[in-house]
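Below is one structure, written out as structure tokens; the observations come after it.
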Amino acid sequence: MTAEDAARIERAVALLRAGELVAFPTETVYGLGADAANPAAVAKVFAAKGRPAAHPLIVHLSSAAHLARWARELPPEAERLAAEFWPGPLTLILKRQAGVADAVTGGQDTVGLRVPGHPLALALLEAFGGKDGGGLAAPSANRFGRISPTTAAHVREELGGAVALVLDGGPCAVGIESTILDLSRGQPVLLRPGAIGAADIARVLGRPPQAATGEGAPRVSGSLAAHYAPRTPLRLLPAGQLASAAGQVLATGGRVAVLALAEPTMQKAGLEWKRMPAQPAAYARALYASLREADALGCAAILVEQPPGDEAWLAIRDRLRRAAAGAGDGNGT
Ligand code: TXA
Ligand code: MG
């Protein structure tokens, strides 16, 4: 860490202690952080995002050593998963400790916890709460229902003056939000797929997690169909249908953006064909910036090639399906 970074972190900590918001990089996406023990600061997060207050936030910690301050009745699975994957892109839902603010948990008896794997985030969390176990409540730093930011510039586009400081840690290495695993109900349940897959979790726990059923109230806002959405209508299509669908949009006089795994099969004025990485980790890293770019072109449609159907692409398929379901409404849902 440079002397400049150290000075920025000192300023960030002072702002957070004063109840202000600080956006910070993680390995997944940028977070919009507030002191998790300060309900007035947490309320500012909901206001800045335009997010309904009943949606719980993830509390970010500097280390698993502070788990017991935030969660009670820690199951042995939590310790094992934390030892294996933290710092890293895994959020654990655990029974909340007494005193954890309702503003953070949305009034639920559980709390989401994670130690992020980014040097600047860890330095910030260590400086903020390393001694007393303080944590930062931080959702993705986007307006509600929109694409998560993977660069500091994206955060400024999304939130502008609503955030006191944006720490710039470069582009996020993972690029999609953390895997969320619920350990509060006995049987581990996968609430949101991410870079850490069911097979990785099964390797540590000796059994695969259950898939979330999607019943009842949306405890995870990422489980709403319309999420992670660009403004431009987005359609998922098999590779063989991209060219004809693009041709149809062009015929109506509109521009069209295509995100495909293959090289362009056609070239025409008004067609922006972007070749996406063939490996899922690289694809995930590029996904949100690519959607943002495509969205900014003012196209009539974004056409995305359906990614492969195997487990390694599960989290990407999940985000693209939500983007397709939520695109085009022009505001967060
Ligand atoms: O990668 C990530 O997880 C990023 C970075 C910043 O850490 N954060 C993130 O936060 O994606 P957010 O708020 O955009 O998404 C977190 C999801 C929400 O859908 C929320 O409903 C869910 O986690 N969540 C948080 N606490 C929960 C709880 N106690 N029970 C169930 N779901 C919870
Ligand atoms: Mg989010």
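Residue 47 is where the sequence shown starts when you use our numbering, and the numbers rise one by one after that.
Where a beta carbon is used, it is the ideal one built from N, C-alpha and C, also for glycine.
Nothing here was measured: the structure is a model prediction, and the numbers come from that model.
Any heavy atom of the ligand TXA closer than 6 Å to the CB of residue i?
i: G344; result: no
i: G294; result: The question names Gly, but residue 294 is Gln in the sequence shown. Result no, Cβ not under 6 Å from the ligand TXA.
i: Q154; result: yes
i: G77; result: yes
i: T72; result: yes
i: P102; result: yes
i: G158; result: yes
i: S224; result: yes
Would you tell me roughly how many angstroms separate the C-alpha atoms of residue i and residue j, rounded to the nearest one?
i: L349; j: T278; result: 10 Å
i: E261; j: A245; result: With a pLDDT of 45 at E261, under the threshold of 50, the modelled position of that residue is not reliable, and no figure is offered here.
i: A289; j: P135; result: 36 Å
i: R363; j: P122; result: 31 Å
i: R249; j: L317; result: 44 Å
i: V343; j: A303; result: It is Leu, not Val, that sits at residue 343 in the sequence shown. Taking the straight line joining both Cα atoms gives about 8 Å.
i: I55; j: L78; result: 15 Å
i: E339; j: A114; result: 42 Å
i: E383; j: A291; result: No answer is possible for residue 383: it lies beyond the span of the chain, which begins at 47 and ends at 379.
i: L61; j: L67; result: 7 Å
i: L333; j: I193; result: 10 Å
i: L140; j: V235; result: 11 Å
i: Q256; j: A369; result: 24 Å
Please list the terminal residues of the continuous beta strand (DSSP E) segment that includes residue i.
i: F70; result: V68 to F70
i: L349; result: A347 to E351
On the CB-based measure, 16 or more other CB atoms within 10 Å of its CB, does residue i come out buried or exposed?
i: E204; result: buried
i: S230; result: buried
i: T259; result: exposed
i: T225; result: buried
i: R321; result: exposed
i: T74; result: buried
i: E351; result: buried
i: Q69; result: Per the sequence shown, the amino acid found at residue 69 is Ala instead of Gln. Burial call: buried.
i: P98; result: exposed
Bridge partners for residue i per DSSP, in chain order?
i: H158; result: In the sequence as presented, His is not what sits at residue 158; that position holds Gly. Answer is I104 and I139, bridged to G158.
i: D228; result: I139 and V235
i: S186; result: G77
i: K320; result: L305
i: A117; result: R142
i: Q294; result: For Q294, which the question treats as bridged, DSSP gives no partner whatsoever.
Would you say the beta carbon of residue i comes nearer than 6 Å to a heavy atom of the ligand MG?
i: P185; result: yes
Does the distance between the C-beta of residue i and the nearest non-hydrogen atom of the ligand HEM fall short of 6 Å?
i: I139; result: This structure does not include the ligand HEM; its bound ligands are the ligand TXA and the ligand MG.
Mind checking which residues open and close the alpha helix (DSSP H) that includes residue i?
i: G370; result: Residue 370 is actually Ala in this sequence, not Gly. It spans L360 to G372 - the alpha helix (DSSP H) in which A370 sits, taken as one unbroken run.
i: R126; result: P122 to F131
i: R281; result: Premise fails: R281 lies in the beta strand (DSSP E), L280 to L283, not in any alpha helix (DSSP H).
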